[in-house]
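So the sequence shown is numbered by numbering that gives the first Met the number 0: it starts at 0 and just counts up by one.
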Amino acid sequence: MNNHKRFRKESAISPILATLLLIVIAVAATVITYAWITTYMGSTANQASFIPYKANVNFIDTPSKQIAIDIGNSGTSAGQIVKVYIGDSPTTTQAYETSPATITIEPNTVVSFTVNFNWQSKQTYYFKIVPSSGATLSFTEQAP
């Protein structure tokens with residue numbers, strides 16, 4: 000009997016308050032998850048809006064040595080090429096001026112530009128195309 004009286008004297012949280020507390024916790028967790036997912040998806044969508052790819056590379060020998068590079072955009076918005084790096088190894092690439100100087104690539108199109116570069120026959124060259132936004136495009140080509 001004493002145990003029964005002891006339990007009756009202690010006060011506990013009411014079932015209504017416990018239910019309300021659980022609802023508030025569930026709503027807060029849902030809001031936090033929604034905010035995190037929308038932030039993550041927004042940053043992923045921005046990165047995927049400009050997606051450059053290598054369409055073609057030609058080594059030109061006359062009148063001066065040049066490399067003609069064709070870059071396409073498989074993304075959903077236009078982007079610009081900021082820098083073009085070329086070298087004979089991945090660690091020794093250098094920036095080169097392009098012609099035209101400003102290269103804008105619209106969605107689902109391919110743009111050609113040239114780089115003055117004194118290439119050697121049968122040499123493998125490493126290219127790095129750096130856009131204003133999005134991922135860097137890296138590839139290798141062997142001169143004829």
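Idealized CB from N, CA, C, for every residue including glycine. Computed from a predicted structure; not experimentally measured.
Indicate whether residue i and residue j have their beta-carbon atoms separated by less than 8 angstroms.
| i | j | result |
| --- | --- | --- |
| isoleucine 50 | isoleucine 80 | no |
| isoleucine 36 | valine 114 | no |
Comparing alpha-carbon positions, which option in the options lies nearest residue i?
| i | options | result |
| --- | --- | --- |
| asparagine 55 | Ser111, Thr92 and Tyr39 | Ser111 |
| phenylalanine 126 | Ile85, Asp69, Val109 and Ser76 | Ile85 |
| asparagine 72 | Phe116, Ser120 and Ile104 | Ile104 |
| asparagine 117 | Asp87, Ile102 and Lys82 | Asp87 |
| serine 63 | Ala25, Phe138 and Gln119 | Gln119 |
| serine 131 | Thr108, Tyr39 and Gly78 | Gly78 |
| tyrosine 52 | Val109, Val30, Ile24 and Ala28 | Val109 |
In chain order, what residues of the same chain have a beta carbon less than 8 angstroms from the beta carbon of residue i, not counting five sequence neighbours either side?
| i | result |
| --- | --- |
| serine 76 | Ser48, Phe49 and Pro106 |
| tyrosine 95 | Val83, Tyr84, Ile85, Val114, Asn115 and Phe116 |
With a threshold of 6 angstroms on Cβ separation, who are the neighbours of residue i within its own chain once the five nearest residues in sequence on each side are excluded?
| i | result |
| --- | --- |
| asparagine 57 | Ala67 |
Check the C-beta distance from residue i over to residue j and give it rounded, since I have them as a contact under 8 angstroms.
| i | j | result |
| --- | --- | --- |
| threonine 101 | valine 83 | Going by Cβ atoms, the distance from threonine 101 to valine 83 rounds to 12 angstroms, so no, they are not a contact pair. |
Using a Cβ-Cβ cutoff of less than 7 angstroms, which residues in the same chain neighbour residue i once the five nearest sequence positions on both sides are dropped?
| i | result |
| --- | --- |
| proline 99 | Phe112 |
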